[in-house]
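Visitor: In this note's numbering, the protein residues as written are 11 to 625.
(1) For chain C, find out if any of its Cβ atoms is closer than 9 Å to the Cβ of residue 288; answer yes or no.
(2) I'd like to know if the region 321-337 and the region 264-283 are in contact, where contact means that at least 3 CB-CB pairs between them fall below 8 Å.
(3) State whether the region 164-175 contacts the region 187-204, with contact taken as three or more CB pairs (one from each stretch) at a distance under 8 Å.
(4) Rounded to whole angstroms, what is the Cα-Cα separation between residue 645 and residue 155?
(5) Using DSSP with H/G/I as helix, E/B as strand and the rest coil, what is residue 492?
(6) Enumerate, from N- to C-terminal direction, the unbroken alpha helix (DSSP H) stretches of 4 or more residues contained entirely within the region 241-281.
(7) Looking at residue 295: is its Cβ nearer than 9 Å to the Cβ of residue 270?
(8) Are residue 70 and residue 137 touching if we call contact CB-CB under 9 Å?
(9) Got a sec, what are the start and stop residues for the beta strand (DSSP E) residue 506 sits in?
(10) Three-state secondary structure (DSSP) at residue 95?
(11) Out of 410, 425, 492, state which residue places its alpha-carbon closest to the alpha-carbon of residue 351.
(12) For residue 253, count the other beta carbons within 10 Å of its own beta carbon; 16 or more makes it buried, fewer makes it exposed. Which is it?
(13) Taking only the alpha-carbon atoms, compute the straight-line gap between residue 301 and residue 250 and give it to the nearest angstrom.
(14) How many whole angstroms separate the CB atoms of residue 248 and residue 605, which I take to be in contact at a CB cut-off of 8 Å?
(15) Kindly identify the DSSP beta-bridge partner or partners of residue 8.
(16) What separation, rounded to the nearest whole angstrom, lies between the Cα atoms of residue 585 and residue 494?
(17) Which residues in the same chain have their Cβ closer than 7 Å to the Cβ of residue 502, if we skip the five residues on either side of it in sequence?
(18) Touching or not, the region 54-63 and the region 216-236, by the rule of three or more beta carbon pairs under 8 Å?
(19) Counting only the same chain and skipping the five closest in sequence on each side, list residues whose C-beta sits under 6 Å from that of residue 28.
(20) Out of 476, 457, 426, which one is the CA nearest neighbour of residue 515?
(21) Kindly indicate the opening and closing residues of the beta strand (DSSP E) around residue 73.
(22) DSSP on residue 420, reduced to helix/strand/coil?
(23) Taking residue 208 as part of the beta strand (DSSP E), name the residues at either end of that continuous run.
(24) With distances taken between CB atoms, is the gap from residue 147 to residue 93 smaller than 9 Å?
(25) Does the beta-carbon distance from residue 345 to residue 298 come in below 9 Å?
(26) Could you check where the alpha helix (DSSP H) with residue 237 kicks off and where it finishes?
(27) Note the first and the last residue of the continuous beta strand (DSSP E) segment covering residue 645.
(28) Does the beta-carbon distance from residue 471 to residue 449 come in below 9 Å?
(29) DSSP three-state label for residue 224, please.
(30) So what does DSSP say about residue 312, is it helix, strand or coil?
(31) Keeping to the same chain, check which residues put their C-beta closer than 7 Å to that of residue 618; ignore five residues upstream and five downstream.
(32) Whose C-beta lies closer than 7 Å to the C-beta of residue 556 among residues of the same chain, with five residues either side of it excluded?
(33) Consult DSSP for residue 49 and reduce its assignment to one of helix, strand or coil.
(34) Relative to the C-alpha of residue 49, which candidate in 185, 391, 419 has its C-alpha closest?
(35) Given this structure, state the Cα-to-Cα distance separating residue 105 from residue 612, to the nearest angstrom.
(36) Is residue 459 helix, strand or coil by DSSP?
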């Protein structure tokens, strides 16, 4: 590895050493090679193209899908003394022209652009001029999974980026993503013409995130209990519909929680303002559809909650991965029910997509349901989906199934009742109606259909609705019945139901955990987990005096961030402030040894920080 790259890492970014495959990636791309990089959120993907951009002559073009993401990354680079800029619709014509002139003059090292701008004739002509002058250093395609038509973040403009391979064959390209299963990786290579690109795959494990998945019983009560454990912390609550986003945000604000809504149906300026507040203020809960979050670089998001079933394991991983980018302990909660399964299947079957696409969608949903219903370690199941097989009996110690192992129970009798009721009501009705028949309820519709005199009417009256909903949900996830979305969610028996009905095999179901169990109890059972620094090593706990200094440093950082109009974490990350509070550097030389303090930040903030430490 070039010592120059390591020098840049130390002096500019303030880190003592590379992590994982970073060094190999930087050498490869810096030497002119193409690369496909799969690295988890918070794993240091940006350095993999930023340092090669600083090593090579000319301007690096970074393709980024979101305006807000561009702004944050450019702000962070400028704080490091790196010449960076962006071109997007937020700039006036005059401002855009000025950036273009700076680019052509070689005054910019990294330029962030949206894919739709890059593929315009005007911009490609500018790139041609850079190439002809030998001033085009590399292309970095961030969030590369957006090219996948199978994925959850598909952007049609990404398909046009294949032009870069044909038009600029001598310019290295690096495609980066935090999530991509095997199918998506193949598609990224094919659609971006990265045939000869070297592939770098890091572990997808985010050990600092605790995964919690529970059946919906009383959604708001469950969310309230979860948020109580995270009072004063920043987090994201995902909802499937815009209506639910608005209703949940209003309810949380009434509950004295600072919450902001975010979805595509809102005024663009309001969305921008809400996102800015989330990035710049502490303790805000963003309630959003999946329109929010891709590329959000806020390191201190302490929790992510899903109030509806995500669309796929990739979507779940991507969305939960917005928590804990700084390595600190974070939590991901999912609350779901049978209605979610019905809804997601309806989305798939009623789409205008090809049958091939629908089959892929069904497989992805089945994989997600497998993650939800597993009795094994959730992290192990999640990693296995991305090709990281764990040893038999693997237990991460930081998910609900490890902290409070679920039990299976012999539900053969109830499952046979449920399957019989589905059959005897004609396989024409959804779970709600069939449960009413089982519980012996009598309605006008039921009498008209003759189901009040059916042999299955009332045979399940000794069990409450919650138990039956648990049974029906698992019947679907086990494949003993399937949902006919064209018939308004009617349940149909599958061939797999026959051995159950005949009594040939037992039906073992996952015992639902008590919904009153708190995350605090789980923490107590697991024990305190040390915070982990960027070097991967556990951080020592702060003393009370250290905590007091840490709070003073945070207050200074907030004031400084407001003066510079950037998010607080752009100034210095929480982990850097904690290490300063712990080590108490008395001069700039001592401060320079702390990871995350490069030359630029030392020069700009060194005296102020040392002054606070010295009292």
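Ideal Cβ positions, reconstructed from N, Cα and C, are used throughout, including at glycine.
Guide: Per the coordinate set shown:
(1) The structure shown has no chain C; it contains just one protein chain.
(2) No: fewer than three Cβ pairs fall under 8 Å.
(3) Flag = yes, the region 164-175 and the region 187-204 touch.
(4) The first residue shown for the chain is 11 and the last is 625, placing residue 645 beyond what the model contains.
(5) The residue you call residue 492 lines up with position 482 of the chain shown. In the structure shown, residue 492 sits in a strand (DSSP, three-state: E or B).
(6) Within the region 241-281, the complete alpha helix (DSSP H) runs of at least 4 residues are 252-264.
(7) Numbered from its first residue, the chain shown carries residue 295 at position 285. Numbered from its first residue, the chain shown carries residue 270 at position 260. Yes, Cβ-Cβ distance for residue 295 and residue 270 is below 9 Å.
(8) By one-based count along the chain shown, residue 70 stands at place 60. By one-based count along the chain shown, residue 137 stands at place 127. No; because the gap between Cβ atoms is not below 9 Å, this pair is not in contact.
(9) Residue 506 sits at position 496 when you count from the first residue of the chain shown. For residue 506, no beta strand (DSSP E) run applies, since DSSP gives it neither H nor E.
(10) Here residue 95 refers to the residue found at position 85 when the chain shown is read from its first residue. Per DSSP, reduced to three states, the secondary structure at residue 95 is strand.
(11) What you label residue 351 is simply residue 341 of the chain shown in a count that begins at 1. Nearest of 410, 425, 492 to residue 351, Cα basis: 492.
(12) Residue mapping note: residue 253 aligns to position 243 of the chain shown, counting from 1. It is exposed - the Cβ of residue 253 has fewer than 16 other Cβ atoms within 10 Å.
(13) Taking the first residue of the chain shown as 1, we reach residue 301 at position 291. Taking the first residue of the chain shown as 1, we reach residue 250 at position 240. Approximately 10 Å between the Cα atoms of the pair.
(14) For this step, residue 248 is matched to residue 238 along the chain shown. For this step, residue 605 is matched to residue 595 along the chain shown. About 32 Å; that fails the 8 Å criterion.
(15) One cannot answer for residue 8 here, as it falls past the ends of the chain, which runs 11 to 625.
(16) Counted from its first residue, the chain shown places residue 585 at position 575. Counted from its first residue, the chain shown places residue 494 at position 484. Going from the Cα of residue 585 to the Cα of residue 494 covers about 51 Å.
(17) The sequence position of residue 502 within the chain shown is 492, counting from 1. Taken in chain order, the residues that qualify are 437, 491, 492, 494.
(18) Here the region 54-63 does not lie against the region 216-236, with fewer than 3 beta-carbon pairs under 8 Å apart.
(19) The residue you call residue 28 lines up with position 18 of the chain shown. The answer is none, since no qualifying residue turns up.
(20) Here the question's residue 515 lines up with position 505 in the chain shown. When each option's Cα is compared against that of residue 515, the closest is 426.
(21) In the chain shown, the residue the question calls residue 73 occupies position 63. Taken as a continuous stretch (DSSP letters only), the beta strand (DSSP E) holding residue 73 covers 69-73.
(22) The sequence position of residue 420 within the chain shown is 410, counting from 1. Reduced to three states, the DSSP call for residue 420 is strand.
(23) Against the chain shown, residue 208 aligns to sequence position 198. Looking at the DSSP string, the run of the beta strand (DSSP E) that includes residue 208 is 208-211.
(24) Working through the chain shown from its first residue, we reach residue 147 at position 137. Working through the chain shown from its first residue, we reach residue 93 at position 83. No, Cβ-Cβ distance for residue 147 and residue 93 is not below 9 Å.
(25) Taking the first residue of the chain shown as position 1, residue 345 is located at position 335. Taking the first residue of the chain shown as position 1, residue 298 is located at position 288. Not a contact, by the Cβ cut-off of 9 Å.
(26) Position 227 of the chain shown, counted from the first residue, corresponds to residue 237. First-last of the alpha helix (DSSP H) with residue 237: 229-238.
(27) The shown model of the chain, from 11 to 625, leaves out residue 645, and the question about it has no answer.
(28) Translated into the one-based positions of the chain shown, residue 471 becomes position 461. Translated into the one-based positions of the chain shown, residue 449 becomes position 439. Cβ distance < 9 Å, so residue 471 and residue 449 count as in contact.
(29) Position 214 of the chain shown, counted from the first residue, corresponds to residue 224. In this structure, residue 224 counts as strand in the three-state DSSP scheme.
(30) The sequence position of residue 312 within the chain shown is 302, counting from 1. DSSP places residue 312 in strand when its eight states are reduced to three.
(31) Locating residue 618 in the chain shown gives position 608, where the first residue counts as 1. Correct list, in chain order: 566.
(32) Within the chain shown, the letter at position 546 stands for residue 556. Contacts found: 591, 592.
(33) As a working mapping, residue 49 is identified with position 39 in the chain shown. Coil.
(34) In the chain shown, the residue the question calls residue 49 occupies position 39. The residue from 185, 391, 419 with its alpha-carbon nearest to that of residue 49 is 185.
(35) In the chain shown, the residue the question calls residue 105 occupies position 95. In the chain shown, the residue the question calls residue 612 occupies position 602. Their backbone Cα atoms lie some 30 Å apart in a straight line.
(36) Stepping through the chain shown from its first residue, residue 459 is reached at position 449. In the displayed model, residue 459 falls within a helix according to three-state DSSP.
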